[in-house]
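Heads up, the sequence shown is in my numbering, so the first residue is -16 and it goes up one at a time.
Using N, Cα and C, we set each Cβ at its ideal position, and we do this for glycine too.
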Amino acid sequence: MTLPVLYSFRRCPYAMRARLAIASSGTACELREIVLRAKPPEMLQASPKGTVPVLVLHHDKVLEQSLDIMLWCLQRHDPAQWLPADDAARQHSLQLIADCDGEFKHHLDRYKYPNRYNLPDGDVHRAQCATFLIALESRLCEHPFLHGTHWGLADAAIAPFVRQCAHTDRAWFDAQAWPRLQAWLTAFEHSALLEACMHKYTPWQAGDTPVYFPTV
């Protein structure tokens, strides 16, 4: 049986959330860790856009978006019940993810990498990031997780980006009045699932012995 092939980069939050869903669903795949400055031609042939993650399925079908990979895995097998149980909850989760991937990610990039955008600093964009983080804090006041009563799709899709924001200036993040968000992030950062997904792999080259993920 030919397994799907996942092109990934360990620190990329998009690739991280794809790996989280792959691991939770137990979807076996061949993992090919890449170096962004030296992308393998096999990956570029499958997905010319040149960003990770990329999941190559049977018959050369390719999933190029992290959320598509998450949904594909979880719709096949969802033992932890990450997918919302009804259409209304699903749409709410997808909208929250869209807010993360849209405006929040826009400001996060400029907060974390102001020099890339010819900015003197990222302070204005950090304040805009805080608007989204405050909304998450409010949601976590209503129930323990963004998904609801248990960890789910929205949590897994958003946590890697909140983690990236927090790590930009952890002292600032920890000083904010967001106790539920901070506890939610800490629990994620210490989870066995994240630990399994953040294992360091040697960058893949053609001809290497296949590396399988998740490992059991």
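Can you tell me whether residue i is buried or exposed, with buried defined as 16 or more other CB within 10 angstroms of its CB?
| i | result |
| --- | --- |
| R212 | Here the chain covers residues -16 to 199 and nothing more, so residue 212 does not appear. |
| A189 | exposed |
| S121 | exposed |
| V35 | buried |
| D138 | buried |
| P193 | exposed |
| R93 | buried |
| H173 | exposed |
| G33 | exposed |
| E178 | exposed |
| T169 | exposed |
| T10 | buried |
| V199 | In this prediction, V199 scores a pLDDT of 47, lower than 50, which makes its location untrustworthy; the coordinate-derived value is nonetheless stated afterwards. With fewer than 16 Cβ atoms within 10 Å of its Cβ, V199 is classed as exposed. |
| G105 | buried |
| A21 | exposed |
How is the alpha helix (DSSP H) around residue i delimited, first residue to last?
| i | result |
| --- | --- |
| R122 | 106 to 125 |
| L77 | 70 to 82 |
| V145 | 136 to 151 |
| F128 | First-last for F128: undefined, no H or E at that position. |
| L177 | 175 to 180 |
| T169 | 162 to 172 |
| E86 | Premise fails: E86 is in no alpha helix (DSSP H) and is neither H nor E. |
| P97 | No alpha helix (DSSP H) holds P97; DSSP gives it neither H nor E. |
| A29 | 24 to 29 |
Determine which residues share a DSSP beta bridge with residue i and list them.
| i | result |
| --- | --- |
| V39 | V(-12), V45 |
| C12 | F196 |
Shortest alpha-carbon distance to residue i belongs to which of the options?
| i | options | result |
| --- | --- | --- |
| L116 | T192, P103, W155 | W155 |
| Y(-3) | W187, W134, C180 | C180 |
| P186 | P97, P197, F(-8) | F(-8) |
| L136 | Q28, H75, D92, W161 | H75 |
| S123 | P31, L177, L46, W167 | Residue identity differs from the one stated: residue 123 is Leu in this sequence, not Ser. Minimum Cα distance to L123 is reached at W167. |
| V39 | E13, V(-12), C56, F87 | V(-12) |
| I141 | Y(-10), Y96, L(-14), A1 | A1 |
| R109 | N101, V45, H90 | H90 |
| D82 | C112, G105, D61 | C112 |
| E25 | Y195, V45, T10 | V45 |
| Q48 | V107, R163, Y(-10) | Y(-10) |
| D69 | H150, L3, H130 | H130 |
| D191 | P23, P162, V145 | P23 |
| R15 | V37, S7, Q64, A6 | V37 |
| G144 | K95, C56, Q28, D51 | Note that residue 144 corresponds to Phe in the displayed sequence, not to Gly. Nearest C-alpha to F144: K95. |
| A175 | P197, A160, P162 | P197 |
| P206 | P127, T132, L66, L50 | Because the chain spans -16 through 199 in this model, residue 206 falls outside it and cannot be assessed. |
| T132 | L57, A21, Q64 | Q64 |
| D43 | T114, Q28, D61, V107 | Q28 |
| E125 | L164, R99, H150 | L164 |
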